[in-house]
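Residue numbers (this note's numbering): 33 to 261.
Reviewing the structure listed below.
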């Protein structure tokens, strides 16, 4: 059933409020990020019973003990990549597919990995229905990256690793940027790495709090937390 005009107007208003109060009033000023997030139907990426909360400043469950990160976290990481529309992007943790869609709007090709196949398949189906043709999918341990499709101009992982996985850094192209949280639970930093001709430049973009990144080069499964997207 097609959503009513009134329902669409409500969601549109909620998106405007999200942009103005959660992003613009803070430090999000990348015009591409703001434009994409102002029109992307975020409510489609959460369960039906939570759609009325889709634009709030909080993570939401999406099944399989996973969450979709809150909008500011996703905007902050995307802005750090400084995408121009020509990049090959590697995303670790497809999750709901919302972050994947943002990246697909702003880059040329997205290579996204989800370790929980039913979750990844659900996101793939939705993104296909929304018309995205520049997304490539894989279902496995994302901490290994996707070496045979690299190197990448941008890499994003949205779950906290003990340290930035070396395997991902190795797949970053010269001039490329990688963003993701690293550190112990409760003391994570959002890390931005840039590969230059002379090596890797590291910046800390501030404190953050993400669920653990599970995998060979992240935390063991026993940590009990998963990737959000």
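Even glycine gets a Cβ: it sits at the ideal position worked out from N, Cα and C.
- Message: Quick check: the Cα distance between residue 159 and residue 146, rounded to an integer number of angstroms?
- Response: 14 Å
- Item | Reduced DSSP category for residue 77 - H, G, I as helix; E, B as strand; rest coil | helix
- Query: Which whole runs of the beta strand (DSSP E) in the segment 85-111 are 3 residues long or more, in chain order?
  - Reply: 92-95 and 98-100
- Buried or exposed (CB count within 10 angstroms, at least 16 for buried), residue 197: buried
- Message: Only counting the same chain, and skipping five residues up and downstream in sequence, which positions put a Cβ closer than 7 Å to that of residue 117?
- Response: 138, 139 and 140
- Quick one: give me the first and last residue of the alpha helix (DSSP H) that residue 42 is part of. 37-49
- Query: Given that a residue counts as buried once 16 or more other Cβ atoms are within 10 Å of its Cβ, and exposed if not, what is residue 238?
  - Reply: exposed
- Any heavy atom of the ligand ZN closer than 7 Å to the CB of residue 224? This structure lacks the ligand ZN, and indeed carries no ligand of any kind.
- What three-state label does DSSP hand residue 131 in the structure shown? helix
- Starting from the Cα of residue 77, find the closest Cα among 223, 101 and 166 and give me that residue. 101
- Please go through the same chain and pick out, in chain order, the residues whose beta-carbon is closer than 6 Å to the beta-carbon of residue 65, but skip the five residues on each side of it. 107, 110 and 111
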